[in-house]
Amino acid sequence: MGNNILEMKNINKYFTGVHALKDVDFSLLEGEIHALVGENGAGKSTLMKVLVGIYPKDTGMIHYLGHLFNPLNPQYALEAGIGIIHQELNMMDHLTVAQNIFINREPVRGAGLFLDKREQYRMTEELFKRLNMNIDPSELVGNLSVGKQQMVEIAKAVSHRLRVLILDEPTAALTDIEISELFTIMRDLAGRGVGMIHISHRLEEIHQITDRVTVLRDGERVGTKKTSETTRQDIINMMVGRVIYEQPKARSMVPPDSPVVLRVDKLNAGKLVRDVSFELRKGEILGFSGLIGAGRTETARAIFGADEIQSGTIEINGVPARINSPQDAVQNGIGYLSEDRKRYGLAVNLNVKDNSVMASYDQFPKGIFVDSGKISRVTGEYVDMLNIKTPSLDQLLFNLSGGNQQKVVIAKWLIKNSDILIFDEPTRGIDVGAKSEIYTLMNELAREGKSIIMISSELPEVLRMSDRIIVMCEGRITGEFNIEEATQEAIMERATIGRQAALAGS
Amino acid sequence: MGNSNVSTNRMQQFKERGLKYILAPAALIILYVFFGIFGRNYFSYPTLVNIINAAFYIGFIAMGETFIIITGGIDLSVGTVMMASTLIGGVALKHGFPMVPSLILIILVGTAFGTVNGLMVSLLKMPPFIATLGTMMISMGVGSIVSNVQSATFPIRGHEGGWFKSIFLYLSPSGGMIPTGALLLLVVGVICHLMLSSTKLGRYTYAIGSNIEAARLSGVNVKKWQMMVYIISGVLAGIGGISYAAIYTTVLPAQGQGFELYAIAAAVIGGTSLAGGIGTIWGTVIGVFIMSVLATGLPSLNLQAHWQTFFTGIIVIGAVLLDMYRNKKASEVHIDTPADVYKKKESERIAELKRELVKAKSSGNSSRIAELRKQLSVLQGEIRATYSRMKAEEKAAKARIREEERKAERDFEEMLNKKNQE
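First to last, the protein sequences are chains A and B.
Numbering follows our numbering, with no gaps: position 363 of the first sequence is 363.
Numbering follows our numbering, with no gaps: position 33 of the second sequence is 33.
This is how it looks when you write it as structure tokens:
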């Protein structure tokens, strides 16, 4: 590791009503991988957006390569050698890999009248060879897996003679194998002197890959440390300012005589739900573990009627249920909290009230009108009960943090009084404090007799919350554990047994 | 948060929001007054009646259009459906249908077209633009076919069935005019407003427009409610058709095309977002009246009617630009500089002095009053001078910093260029 290539000093940034960055300092060395961690809303992404000129800073200085640097926009920053890879990839699905990489600077021939496709492919291949990536330049980006798309994005960034690369939660949507491939590429880039800023929620990764770690909390820098000299607990403590222990659940909380509320038998749907059969009991939290792409979300969507079912039966409280649409599922007392809140869970430009009662206007009649007084009252009660932090019930959802948005979705299903709740990645993109609140809430709901299916990619979360755990792989159920006998290793083994074993019926 | 530098925020937000509601009505009033001053005989009762008459048919279809646009859809067929319904009603009249059934027929035809649109959009999942483009052409064709490409004439006042004109404009025997249609437009407006704001249908209309997938996954019967808004639009097209017949008596088969664009323009001027999820009936009604004030006002300036389209276009673009500007403004933060902080603090002192002055006045102490007045004027002058000095200094400092930054950028670019050349 060499010289300081980047130095940010006393950065301040204000948004409407929020002092998002408070005198933040940050530095990056040549060839360093520097972790930037913090709860959601701590200011990580904001700081990076200031660095690449997406937001103008309000005060403070940035020195880059020893010069005062004032990024005007991301394009300017990129030309100067600072690239960012966002959490949500910005690729054009209908263009090829090579076209995506060389967009806006395509090689031309014939006096600049024609695009030189062959040269473009050659340049792309050369780039991939340099980065040890194995991707076909002529493939359409839409046909690639998320992991591969991300690599294309990295290749694109690197092709700009990069000195600083920012990766905003690069591993969030990747499988373990893809993550290790990504890390190989990152180490390789570090070896070439590229400084990298790695933003992540996954603390395990930080020890695997980074040299230093900077922790932000509420827009302030808590500290910067050498990663090798910190423990996971240290980082968590810095992030939240208090000690959090994650203990697995010791034993099932479900009474032995608890009735079965949901029985799924030989369910098939799409490509990723193959002969899925399981039972869910009253008051139970049933964890669904597995790698991304194992078919857990697809199973949930099929049960909820969001996607078409090819075959199989669903019984609710012992009675066969016909579920052809989400509407049928909701009538049958099922509520679904999607992993992608903004796309499937919320209307971000509607307010807290409208979102909370979206599923249950039928419960608020007042003649031919809806009873807005009662809606306000009931929503208010749930806002208090779930501790949703919002200035008013008329606040639009996009002004709320991820955790509070998630609570509004929970309120929606509680107001609807759904008995079976499917929580799909309930704590994704949610800060540690709100996370533990949601855990407490789920436990309370189960105690009150709600039945919960929890899909989660975080093993500690699965072990902490579930009474029973089902493991999926390649669209099939490959394991089932009572909580008493479940270990991370055992679950991981079942989740990765691979396609052949999964087909063989485990 | 809790930072005094951003405490003005709430106030500003309030201002922005207030502006949003006031701007369109204000524009309407300004336009009206403008034509009143510069136009010939514009401030007169007959002109007012004319404005209202010019608003009807667009008013009804624009309300239906508003429902659809809020769901994130669009209805290109409203204008031609309106005329087709009217033509069919007129043909029925000619063939001896009584008045009341003919009027009901007009509404039914509009409803039928709305239902077809709704079916295509909700059940067949066709893009609304394409589906309603189809019905736009079909309805125009149907109107011509049924009427055999002839105009349909509705009864005039005094003749049998001529009473229906009084629904929209009542002429008293003494020659006075009462625009009863304004009342009808108001009633329908109130009903539409209540539907949007206070019924399940309305709440789902916004939900679907904001995020159709989230609505579906909340168990909302999206198809049913989509269907409903297109049917509402059809019904309103029928009512619009009747009002058109009442005002203009004769209906030609070639008319109606382009009305849908005025309806869309009215909604947009009134703040309805084509992206869905945002909009109000009142905004649309204001939009309609802005256009009819233009339509009646421009001729009074000796500008012919086609100038109306020109200016309407400008207003539509202006409205959207303004909306974008407001949204951008609303998300900006104003940070108090030291000068602002100083002014705020001093204004408290002034308020204190003023309170004392009031006290002194009530006690009738004249020497104290004079003294306080003097103090007050001195202080005010001082504050004004200091504030403008501080502001000027801040401005200069800002300019200096900007200049330095520019220089840094230039240096940086030079360095990069040099590096790249190496």
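Virtual Cβ for every residue (Gly too), placed ideally from N, Cα, C.
Minimum C-alpha distance to residue i - residue among the options
{"i": "Ala-275/B", "options": "Lys-395/B, Ile-70/B, Ser-292/B and Lys-94/B", "result": "Ile-70/B"}
{"i": "Arg-341/A", "options": "His-34/A, Leu-397/A, Ile-185/A and Gln-327/A", "result": "Leu-397/A"}
{"i": "Gly-433/A", "options": "Ala-42/A, Lys-129/A, Ala-77/A and Gly-475/A", "result": "Ala-42/A"}
{"i": "Ser-144/B", "options": "Leu-119/B, Ser-85/B and Gly-175/B", "result": "Ser-85/B"}
{"i": "Ala-306/A", "options": "Thr-487/A, Val-215/A and Ile-323/A", "result": "Ile-323/A"}
{"i": "Ala-78/A", "options": "Leu-131/A, Ser-159/A, Phe-15/A and Met-8/A", "result": "The sequence as given places Leu at residue 78/A; Ala does not occur at that position. The shortest C-alpha separation from Leu-78/A is found at Ser-159/A."}
{"i": "Gly-81/A", "options": "Val-152/A, Leu-6/A and Gly-367/A", "result": "Leu-6/A"}
{"i": "Phe-26/A", "options": "Leu-441/A, Ile-209/A, Lys-9/A and His-19/A", "result": "Lys-9/A"}
{"i": "Met-324/B", "options": "Ser-300/B, Val-358/B, Trp-307/B and Thr-272/B", "result": "Thr-272/B"}
{"i": "Tyr-342/B", "options": "Arg-389/B, Leu-353/B and Phe-311/B", "result": "Arg-389/B"}
{"i": "Arg-428/A", "options": "Asn-4/A, Gly-38/A and Glu-339/A", "result": "Glu-339/A"}
Beta-carbon contacts of residue i that lie in its chain and below 8 Å, excluding the five residues immediately before and after
{"i": "Pro-74/A", "result": "Val-52, Gly-53, Ile-54 and Ile-84"}
{"i": "Pro-365/A", "result": "Asp-371"}
{"i": "Leu-346/A", "result": "Asn-355, Leu-397, Gln-405, Val-408 and Val-409"}
{"i": "Glu-279/A", "result": "Val-260, Leu-262, Arg-263 and Val-264"}
{"i": "Gly-380/A", "result": "Leu-393"}
{"i": "Arg-274/A", "result": "Asn-268, Gly-295, Glu-474, Gly-475 and Arg-476"}
{"i": "Met-415/B", "result": "none"}
Residues near residue i in its chain [Cβ-Cβ closer than 7 Å; skip 5 each side]
{"i": "Ser-102/B", "result": "Gly-89, Ala-92 and Leu-93"}
{"i": "Val-121/B", "result": "Gly-73, Pro-128, Ala-131, Gln-226 and Tyr-230"}
{"i": "Ala-157/A", "result": "Gly-83, Ile-85 and Leu-165"}
{"i": "Lys-22/A", "result": "Asn-12, Gly-219 and Glu-220"}
{"i": "Ile-269/B", "result": "Ala-24, Gly-287, Ile-290, Ile-315, Val-316 and Ala-319"}
{"i": "Lys-223/B", "result": "Ser-122 and Leu-123"}
Beta-carbon separation (whole angstroms), residue i vs residue j, contact threshold 8 Å
{"i": "Asp-168/A", "j": "Ile-199/A", "result": "5 Å"}
{"i": "Val-352/A", "j": "Thr-390/A", "result": "5 Å"}
{"i": "Leu-414/A", "j": "Ile-452/A", "result": "Not confirmed; about 12 Å, so no contact."}
{"i": "Phe-369/A", "j": "Thr-199/B", "result": "6 Å"}
{"i": "Asp-419/A", "j": "Gly-333/A", "result": "4 Å"}
{"i": "Leu-372/B", "j": "Ala-385/B", "result": "Contact doesn't hold; Cβ gap of about 20 Å is too wide."}
{"i": "Gly-223/A", "j": "Glu-32/A", "result": "Wrong, their Cβ atoms sit about 17 Å apart, outside the cutoff."}
{"i": "Phe-146/A", "j": "Leu-174/A", "result": "Residue 146/A is actually Val in this sequence, not Phe. Indeed, because the Cβ distance is near 7 Å, the residues count as touching under 8 Å."}
{"i": "Ala-263/B", "j": "Val-78/B", "result": "6 Å"}
Contacts around residue i, its chain only, beta-carbon distance under 6 Å, and the 5 residues preceding and following it disregarded
{"i": "Cys-192/B", "result": "Met-63 and Ile-281"}
{"i": "Leu-438/B", "result": "The structure shown has nothing for residue 438/B, since chain B only spans 1 to 422."}
{"i": "Leu-252/B", "result": "Ser-151"}
{"i": "Ile-309/A", "result": "Ala-269 and Ala-302"}
{"i": "Arg-232/A", "result": "Leu-203"}
{"i": "Gly-114/B", "result": "Tyr-230, Ile-231, Ser-233 and Gly-234"}
{"i": "Glu-484/A", "result": "Arg-251"}
Near the ligand NAP: residue i beta-carbon under 8 Å from a heavy atom
{"i": "Ala-360/B", "result": "In the structure on display, the ligand NAP does not appear, and there are no ligands present to speak of."}
Within-9 Å CB hit, residue i to chain E
{"i": "Leu-48/B", "result": "Absent from the structure is chain E; the protein chains it does hold are A and B."}
task = May I ask you to list, following chain order, the residues of the stretch 360-371 of chain A that have a beta carbon less than 7 Å from some beta carbon of chain B?
result = Among the residues of the stretch 360-371 of chain A, those with a Cβ less than 7 Å away from any Cβ of chain B are Tyr-361, Ile-368, Phe-369 and Val-370, in the order of the chain.
key: Residues, ordered as in the chain, of the stretch 346-357 of chain A that lie near chain B by beta-carbon distance below 9 Å   = Leu-346, Ala-347, Val-348, Asn-349, Leu-350, Asp-354, Asn-355 and Val-357
task = Scan the stretch 283-316 of chain A for residues whose Cβ lies nearer than 7 Å to a Cβ of chain B and list them as they occur along the chain.
result = Ala-306
query = Using a beta-carbon distance cut-off of less than 8 Å, what residues from the stretch 135-163 of chain B approach chain A?
reply = none
The stretch 327-338 of chain A: positions lying closer than 8 Å to chain B by Cβ = Gln-327, Ala-329, Val-330, Gln-331, Tyr-336 and Ser-338
message = Please list, in chain order, the residues of the stretch 393-417 of chain B that have any C-beta partner in chain A closer than 7 Å.
response = Glu-405, Ala-408, Glu-409, Asp-411, Phe-412, Met-415 and Leu-416
query = Listed in chain order, which residues of the stretch 74-101 of chain A have Cβ atoms closer than 7 Å to some Cβ of chain B?
reply = Ala-80
query = Given a limit of 8 Å on CB to CB distance, which residues of the stretch 201-213 of chain B reach chain A?
reply = Arg-203, Tyr-204, Tyr-206, Ala-207, Ser-210, Asn-211 and Glu-213
message = Check whether the stretch 106-126 of chain A and the stretch 176-187 of chain A touch, using three or more Cβ-Cβ pairs below 8 Å as the test.
response = With a cut-off of 8 Å, the stretch 176-187 of chain A and the stretch 106-126 of chain A do not count as touching, because too few Cβ pairs lie within range.
ask   = Touch check for the stretch 182-190 of chain B and the stretch 284-300 of chain A: three-plus C-beta pairs under 8 Å?
value = no
ask   = Taking one C-beta from the stretch 95-114 of chain B and one from the stretch 36-46 of chain B each time, how about it: are there three or more such pairs within less than 8 Å?
value = no
message = I want to know whether the stretch 87-98 of chain A touches the stretch 57-72 of chain A - three or more CB-CB distances under 8 Å.
response = Judged by Cβ distances under 8 Å, the stretch 87-98 of chain A makes no contact with the stretch 57-72 of chain A, as fewer than three pairs qualify.
query = Quick one: any contact between the stretch 275-287 of chain A and the stretch 327-344 of chain A, if contact means 3 or more CB pairs under 8 Å?
reply = no
inquiry  = Under 8 Å, CB to CB, which of the residues in the stretch 219-239 of chain B have a partner in chain A?
reply    = Gly-219, Val-220 and Asn-221
request  = Would you check if the stretch 24-36 of chain B and the stretch 236-247 of chain B touch, i.e. whether three or more CB-CB distances between them fall below 8 Å?
outcome  = no
request  = Assess, as a yes-or-no matter, whether the stretch 285-292 of chain B is touched by the stretch 107-118 of chain B under the definition of 3 or more beta carbon pairs within less than 8 Å.
outcome  = Between the stretch 107-118 of chain B and the stretch 285-292 of chain B, the count of C-beta pairs closer than 8 Å stays below three; the two stretches do not touch.
inquiry  = To be precise: take each residue of the stretch 398-416 of chain A, compare its Cβ to all Cβ atoms of chain B, and keep it if any distance is under 8 Å. Which residues remain?
reply    = Lys-412 and Lys-416
query = Are three or more beta carbon pairs between the stretch 367-386 of chain B and the stretch 340-350 of chain B nearer than 8 Å?
reply = yes
task = Could you tell me whether the stretch 396-415 of chain B touches the stretch 352-369 of chain B, using the rule of 3 or more Cβ pairs below 8 Å?
result = no
ask   = Using a Cβ cut-off of 8 Å, which residues of the stretch 184-199 of chain B contact any Cβ in chain A, in chain order?
value = Leu-194, Ser-198 and Thr-199
task = Could you name the residues of the stretch 66-85 of chain B whose beta carbon sits closer than 9 Å to any beta carbon of chain A, in the order they occur along the chain?
result = none
query = If contact means a Cβ-Cβ distance below 7 Å, which residues of the stretch 59-74 of chain A contact chain B?
reply = His-67, Leu-68, Phe-69 and Asn-70
request  = Can you give me, in chain order, the residues of the stretch 262-282 of chain B that have a beta carbon less than 8 Å from any beta carbon in chain A?
outcome  = Gly-277 and Ile-278
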